[in-house]
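Worksheet: one structure, shown below.
Residue numbers (the numbering used here): 1 to 493.
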């Protein structure tokens, strides 16, 4: 059985699929390489002599430069590799767009909403407009839970610390995210719960909603009621009654939007889980659906590959702005642009941001880029969209939900229990993680390291996602973990 993989013929490193001991040879490589030191799983081994200053090549691209001579068989990692990334860069549009795959439409069993969008859940959401009423929101969720019946799902509160003491664009973004979530088709009913004196209260958020179904969205301002719990419970019972009437029906996959995210990546993420997700993404898009790729700081180092896939020059220019605006966000706060990878990434075998980015962006498959979205903007074109959001797991996953994703696929090499407002499918990059954290992991892509075909796993994941869209619960839903986080970019008053 192979114990290492040479990803691209041009690469001067291979990746250990399982730990290699000093003196052990690499089964699966031709010619075989003898490890001159221990190489942990997911870490890189030099397949030939790499001279100081030479580019270290993985995925057929540079992931940085050797800081000293690296003999064949050596461990290639942070001790002998540095990033090659600079600060602000100039880009040229050189499109390399693959012809679109033939489109057909599959179906899932979902909830068709008044606005024409489709939900994969029929839950009742309580959205505080300000952190001051988080406790009331959580209490109301407990009180309303026993009243659920019919097709109405769980009553879920989404506490967060914002909605007041914010200014300008930062406050606008909070209002837009709350409005996006209030309109989300996965919610059979929504209670927007305000305090009454906050900056982003109910009346301030209403204009962001535009036209909405008054049977699905209700409002409560706590300061206006002697007993806010009784008033809130009455509104929630009305929302439950309305949601209980909804029925699942066949809905074509052109109404399915799936967010793509990774966290706690390791050296196998770009070899197993992310390519499997990329195959899923291409399959869904070929069936008329849409996917969203985010976490912009983890595109740095692979952004030119995405730019080359932009369908038009206008989309290319928007992608350039997406990247450079995020870099300015870092420098405006006097932070290093390339303060990445994380300690967990490094422990898992990722050496530089280029290494991380080239693995991360594989979640977007090979389809053309058809949309570029600002934070809190919703998907406006079918196909693959790029979304402005940071790498933080909760913030980015919430942004994907707000952008319209009914499901988020989350690859991980380290594991995490969290779940965002929509079903968050945890996909492990290695099988030991899937076996150890069965209560977290929904899909084991680590099987690719054991010889399973990436394409076959992508097809399996596609079928699994349609089951989830039709009502099958994922692990975080089963245990009742539901999180949201808003991206705070401004000052706090």
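Beta carbons are placed, not taken as given, at the ideal position from N, Cα and C, and that holds for glycine.
- For residue 403, the three-state secondary structure derived from DSSP is coil.
- In this structure, the beta-carbon distance from residue 95 to residue 131 does not fall below 8 Å.
- Per DSSP, reduced to three states, the secondary structure at residue 155 is strand.
- Per DSSP, residue 218 is one residue of the beta strand (DSSP E) stretching across 217-221.
- Looking from the CA of residue 459, the closest CA among 390, 278, 167 belongs to 278.
- For residue 209, the three-state secondary structure derived from DSSP is helix.
- Residue 287 and residue 305 have their C-alpha atoms some 24 Å from each other.
- Counting only residues of its own chain and dropping the five nearest sequence neighbours on each side, residue 36 has a CB closer than 6 Å to the CB of 73, 74.
- One alpha carbon belongs to residue 62, the other to residue 351, and they sit about 12 Å apart.
- Residue pairing of residue 197 in beta bridges, as defined by DSSP: absent, with no partner found.
- The beta carbons of residue 105 and residue 253 sit about 6 Å from each other, so the pair counts as a contact at 8 Å.
- The three-state secondary structure of residue 226, taken from DSSP, is coil.
- Looking at the DSSP output, residue 192 shares a beta bridge with 127, 219.
- Bounds of the beta strand (DSSP E) holding residue 250 are 249-252.
- Residue burial is scored here from C-beta neighbours: residue 153 has at least 16 other C-beta atoms within 10 angstroms and is therefore classed as buried.
- In the three-state DSSP reduction, residue 121 falls in the coil class, being neither helix nor strand.
- Taking C-beta atoms under 8 Å as the contact rule, residue 46 and residue 70 qualify, at a distance of about 5 Å.
- For the pair residue 454 and residue 415, the CB atoms are not nearer than the 8 Å cut-off.
- Counting only unbroken stretches of 3 or more residues, the beta strand (DSSP E) elements lying wholly within the stretch 230-291 are 249-252, 257-262, in sequence order.
- Just measuring C-alpha positions, the residue of 355, 29, 383 sitting nearest residue 56 is 355.
- For residue 148, there is no enclosing alpha helix (DSSP H), as DSSP marks it with neither H nor E.
- In this structure, DSSP gives residue 166 a state outside helix and strand, which the three-state scheme calls coil.
- Taking 8 Å as the cut-off, the beta carbon of residue 420 is found no closer than this to the beta carbon of residue 265.
- In the DSSP assignment, residue 310 is bridged to 369.
- In terms of Cβ geometry, residue 171 and residue 199 form a close pair [threshold 8 Å].
- Rounded to the nearest angstrom, the gap between the Cα atoms of residue 317 and residue 257 is 24 Å.
- Counting only the Cα atoms, residue 481 lies some 8 Å from residue 417.
- Secondary structure remark: continuous beta strand (DSSP E) runs of at least 3 residues inside the stretch 41-79, in chain order: 44-46, 55-58, 61-66.
- Around the CB of residue 399, 16 or more other CB atoms lie within 10 Å, so the residue is classed as buried.
- In this structure, DSSP gives residue 109 an extended state, which the three-state scheme calls strand.
- Taken through DSSP and simplified to helix, strand or coil, residue 89 comes out as coil.
- The beta carbon of residue 275 sits closer than 6 Å to the beta carbons of 362, 454 from its chain, once the five residues preceding and following it are set aside; these are given in chain order.
- C-alpha of residue 79 to C-alpha of residue 209: approximately 51 Å in a straight line.
- At the C-beta level, residue 232 and residue 43 stay beyond 8 Å of one another.
- Within the stretch 388-443, complete beta strand (DSSP E) segments of at least 3 residues are found at 407-412, 424-428, given in chain order.
- Assigned with DSSP and collapsed to three states, residue 293 falls in strand.
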